[in-house]
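What follows is a short report on a single structure.
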Amino acid sequence: MAKILVTGGTGFIGSHTVVELINEGYEVIVLDNLYNSKEVVLDRIKTITNVRPKFYNCDILDKDGLRKVFSENKIDAVIHYAGYKAVGESVEKPLVYYQNNIAGSLNLYEVMNEFGVKTVVFSSSATVYGDPASLPIKEDFPLSTTNPYGTTKLFNERILEDIYASDNSWSILLLRYFNPIGAHKSGLLGETPIGIPNNLVPYIAQVATGQRDFLRVWGNDFDTVDGTGVRDYIHVVDLALGHIKAIEYALKHKGIEAINLGTGNGYSVLQVRQAFENACKKEIPYKIFDRRAGDIASCYADTTKAKELLKWQAKYGIDEMCQDGWNFSKNNPKGIE
Ligand code: NAD
Ligand code: UD1
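All residue numbers for the sequence shown refer to the numbering used here, where the first residue is 2 and numbers rise by one.
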């Protein structure tokens, strides 16, 4: 089986993907600088899979550190998750975001090239579609961004397109995730937001665990089913399984493709709150506030390309996402420690 390097592999999506890669029989090398995750995640992966993957505490800004990883392991392909992801913070600290997400990625692609490793699956985001003119969103829609975080995703896509144009022996997948939520069924892996959660479901989870008093609903005057924002939430395990299909595809085909990973279904803020209430069997109090700057009314994926190319489609619905998310949050109210 192929040997896969997972950058950001102790993070939220990375850790779930490492589990599924091991389940499929891949040999996995995890690289992370532990900026937003803990080494104990590797023990939890071992509890689930019986395998503790080889780990490098390495920063992608450290090019020699990256060279060491590639010289010590015959890597076949890379799944690249390492990066910063807080939209608001990226507006305040654009240089930090460009440095980490762009300069770090450039180091990785350069070192991959040096070692002849030319297969990469990149974590992009539906944020690259900006405010879409119509729904569902297809991969060929126009791209634009509204914040530095989004711009780092779009720039990475452009950089990888240029790399492929210059050398078509590369195999590159740009996976555009919609809104990953939920957690591993075991309750051992999940998301640990830093500070006050920006994203909806981590915030609701903290209301459910008593850490916050009520949910702040950002606007109820959008043109949606109940006036609140609609998003395409996807179970993180489905997303991880999408990466398994992506790696299988990328190892067999040269080229570059952008592919949406979503369910194709949109749920409003109040619908998600209801599903989470059903899961935790508690009331989630809420208050309506003004719209959050930059928020769009609705966003959900056209999933045809993922089905056709990767033979993948999401199988979990919103109820399971909330049940598994709650199972993790109640067992780990302060996240993975
Ligand atoms: P995460 O923060 O849980 O995981 C990212 C990991 O990368 C962390 O463990 C962090 O320590 C590590 N990291 C950051 N900078 C690094 C560096 N310079 N060197 C080495 N490691 C570094 O985030 P996540 O939710 O798992 O997201 C993974 C990827 O998917 C990110 O690139 C993110 O932008 C992208 N993405 C996430 C979402 C989402 O909603 N979670 C949506 C779309 C795209
Ligand atoms: C946000 C990011 C996006 C990123 C995505 C996944 C912004 C503007 N966009 O998208 O770039 O790719 O996360 O990480 O930050 N909501 C509330 N109350 C809350 C939190 C959210 O009502 O406390 C609402 C929002 O207005 C939105 C929905 O819930 O309608 C989902 O919000 P969120 O989880 O932050 O995701 P996105 O806005 O889709």
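Cβ atoms here follow ideal geometry from the backbone N, Cα and C, with glycine treated the same way.
Bear in mind the structure is a predicted one, so any value in this text is a computation, not a measurement.
When the options are compared against residue i, the one with the closest alpha-carbon
i, options, result
"PRO137", "TYR301, VAL112, GLU284, TYR204", "TYR301"
"ASN157", "GLY26, THR210, TYR98", "TYR98"
"PRO149", "ILE197, GLY131, GLY336", "GLY131"
"PHE277", "LYS94, GLN207, ASP239, LYS316", "GLN207"
"LYS308", "LYS283, GLY336, ILE285, ASP239", "ASP239"
"GLY105", "GLN314, LEU32, GLY336, LEU22", "LEU32"
"CYS323", "ASP303, TRP313, GLN272", "GLN272"
"GLY188", "LEU6, ILE46, GLU28", "ILE46"
"ALA259", "PHE123, LEU190, LEU96, GLY318", "PHE123"
"TYR85", "THR152, PRO334, LEU311, LEU176", "THR152"
"VAL88", "ILE195, TYR250, ASP214", "ILE195"
Residue i and residue j closer than 8 Å at C-beta
i, j, result
"LYS255", "TRP171", "yes"
"THR1", "ALA83", "Because the chain spans 2 through 338 in this model, residue 1 falls outside it and cannot be assessed."
"THR225", "VAL218", "no"
"ILE80", "LYS4", "no"
"LYS186", "ASP325", "yes"
"LEU35", "ASN58", "yes"
"VAL231", "SER135", "no"
"VAL237", "PRO181", "yes"
"LEU67", "VAL118", "no"
"ILE337", "LYS39", "yes"
"TYR178", "ALA127", "yes"
"LEU242", "GLU93", "no"
"ASP227", "SER269", "yes"
"THR264", "ALA209", "no"
"LEU144", "VAL129", "yes"
Start-to-end residues for the alpha helix (DSSP H) that takes in residue i
i, result
"PRO95", "95-98"
"GLU111", "105-115"
"GLY327", "Per the sequence presented here, residue 327 reads as Trp, with Gly not at that position. Here the alpha helix (DSSP H) through TRP327 covers 319-332."
"THR50", "41-50"
"SER16", "13-24"
Whole-angstrom distance between residue j and residue i, CA atom to CA atom
i, j, result
"ILE297", "ASP233", "13 Å"
"VAL41", "PHE142", "40 Å"
"ARG293", "ASN200", "12 Å"
"PHE116", "SER72", "8 Å"
"ALA78", "LEU161", "15 Å"
"ASP163", "LYS246", "24 Å"
"TYR110", "LYS69", "14 Å"
"ILE30", "THR305", "31 Å"
"THR50", "LEU262", "25 Å"
Residue i beta carbon near ligand 4 (any heavy atom closer than 7 Å)
i, result
"LYS139", "Annotation note on ligand 4: not contained in the displayed structure, which lists ligand 1 and ligand 2 as its ligands."
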